[in-house]
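J.: Submitted below is the structure of interest, expressed as structure tokens.
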Amino acid sequence: MNHVIILGGGLTGLSLAHLLREQGIDYMLLEARDRLGGRILTHPGKQTPLEMGATWHWEYHTHVRQWLQRVGLARFPQYQTGLARYEATRHQPTVSFEIPPQDPSYRIVGGTQQLIDRLAAALPKENIVLGAAVTQLTRAEDVWQVATQSGELYTGQQVVSTLPPLLFHQAISVTPELPTSLKEVMATTHTWMGDSIKYVVEYPASFWRELGWAGAGFSQVGPATEVHDHTNAEESGFALKGFLAPGIRALPRSDWEQVLVEQLVHMYGEEARQHGGVRLSDWSKEPFTYQGGPDLMPHHNQGHGVYQQGYVEDSLWIAGTETSPHYGGYLEGALFSAHWISQKLAALRLTASE
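Numbering (numbering that gives the first Met the number 0), first residue to last: 0 to 353.
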């Protein structure tokens, strides 16, 4: 029997596994997908890593900086030199404007997936199970029985879920029943990126930089609502990336690429048509991230007080970036949650040994 069973192999789950291992606490990590990373997903691309999930962090995200140093990864600032583009209507020319002063954001050299890969490589393979979609938690005689969709059964003294709370509420049945106060908050906690659509368009050169543009763009028209320079750290691979408005789902998926490229042409000129490939990622179609739910404002109920305590005699904990009171929804929130949970579990272990 394991001491701790971790649900989810994203950034919170993997960093928590490291922290528990350092404390001598045995664990088993169960991940529903056939890959690790959760909402961190980097495709190799033709010349530059394509970030389809979590991408940026900031200087004040101290846990991110510490973990990057720990695993030997470098970072580089998001390119912001030059003018941004603004599209008010499709019938008027796109205008340029100066980007207001702001704290610089950073990307991880080689892609955010590098952080996941290095964390996973340093953990024993036998402690990680892929393809293990948990459907039921049952506690009897101080032991949790964790059942998966495929019929596997795992046992542990404590369970830590790092899933988005809404997904946990929808997909996993728990016995004994959890408090109504917790279930109501989980059912109305916004899942970061849950309904997002991300895109990356590769180019043979950063033509926008040559025109004096930062690559940043904003639109009131869509389908792209935001555009960002996505050139790699070595400045040898070039791309524009951003988010698509949910309204594009009214169109056939086969039309998305054409509509997006036509918009980029309107915003950045004919050179935007000469792309080297388009990658799209609709996170609402990822059932191990999001299974639908109420229309919620970003950050709604993230870091709520109900997540700052354990349940079922402190044997069940709801963790993950949405539960963090600090930078919930971001990479920093995921890591903060892992550290907080590890401290709680270590304290419980110490109390039990006294």
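In this text, a Cβ means the ideal position worked out from N, Cα and C, and glycines have one as well.
(1) May I ask which residues mark the beginning and end of the beta strand (DSSP E) holding M354?
(2) Mind checking who R138 pairs with in its DSSP beta bridge?
(3) Please state the DSSP three-state secondary structure of S172.
(4) For the beta strand (DSSP E) that contains F287, what are its first and last residues?
(5) Just curious, the beta strand (DSSP E) that D228 is in, first and last residue?
(6) DSSP three-state label for L334, please.
(7) Quick one: grab the DSSP three-state call for K182.
(8) Below 8 Å on the Cβ atoms is my guess for T47 versus H229; work out the distance and round it to an integer in Å.
(9) Do the region 164-181 and the region 66-74 touch if we need at least three Cβ pairs shorter than 8 Å?
(10) Let me make sure I understand the geometry here. Which of Q342, R348 and A244 has the alpha-carbon closest to that of L18?
(11) So, are the CB atoms of L11 and A346 less than 7 Å apart?
(12) From P92 to R278, what distance separates their C-alpha atoms?
(13) Which stretch, first to last residue, makes up the alpha helix (DSSP H) that contains D254?
(14) Using a Cβ-Cβ cutoff of less than 6 Å, which residues in the same chain neighbour G37 once the five nearest sequence positions on both sides are dropped?
T.: Walking through what the data contain:
(1) Within the shown structure, residues of the chain are numbered from 0 to 353, placing residue 354 beyond reach of any answer.
(2) Numbered from its first residue, the sequence shown carries residue 138 at position 139. Beta-bridge pairing by DSSP links R138 to W143.
(3) Here residue 172 refers to the residue found at position 173 of the sequence shown. DSSP, read as helix, strand or coil, puts S172 in strand.
(4) Here residue 287 is taken as the residue at index 288 of the sequence shown, counted from 1. Segment: none, F287 is in no beta strand (DSSP E) and carries neither H nor E.
(5) For this step, residue 228 is matched to residue 229 along the sequence shown. That run of the beta strand (DSSP E) goes A223 to D228.
(6) For the purposes of this step, residue 334 is taken as residue 335 along the sequence shown, with counting starting at 1. Secondary structure of L334 (DSSP, three-state): helix.
(7) For the purposes of this step, residue 182 is identified with residue 183 of the sequence shown, where counting begins at 1. It is helical.
(8) Walking along the sequence shown from the start, residue 47 turns up at place 48. Walking along the sequence shown from the start, residue 229 turns up at place 230. About 7 Å; that satisfies the 8 Å criterion.
(9) Result no; under three Cβ-Cβ pairs closer than 8 Å.
(10) Within the sequence shown, the letter at position 19 stands for residue 18. The shortest Cα separation from L18 among Q342, R348 and A244 belongs to Q342.
(11) Translated into positions along the sequence shown, residue 11 becomes position 12. Translated into positions along the sequence shown, residue 346 becomes position 347. A quick correction: the sequence has Thr, not Leu, at residue 11. Contact flag unset, no.
(12) Locating residue 92 in the sequence shown gives position 93, where the first residue counts as 1. Locating residue 278 in the sequence shown gives position 279, where the first residue counts as 1. Using only the alpha carbons, I get a separation of about 26 Å.
(13) Here residue 254 refers to the residue found at position 255 of the sequence shown. Where D254 is concerned, the enclosing alpha helix (DSSP H) stretches over R252 to Y267.
(14) Counting from 1 along the sequence shown, the entry for residue 37 is found at position 38. The beta carbon of G37 sits closer than 6 Å to those of G9, all from its chain and outside the five residues before and after it, given in chain order.
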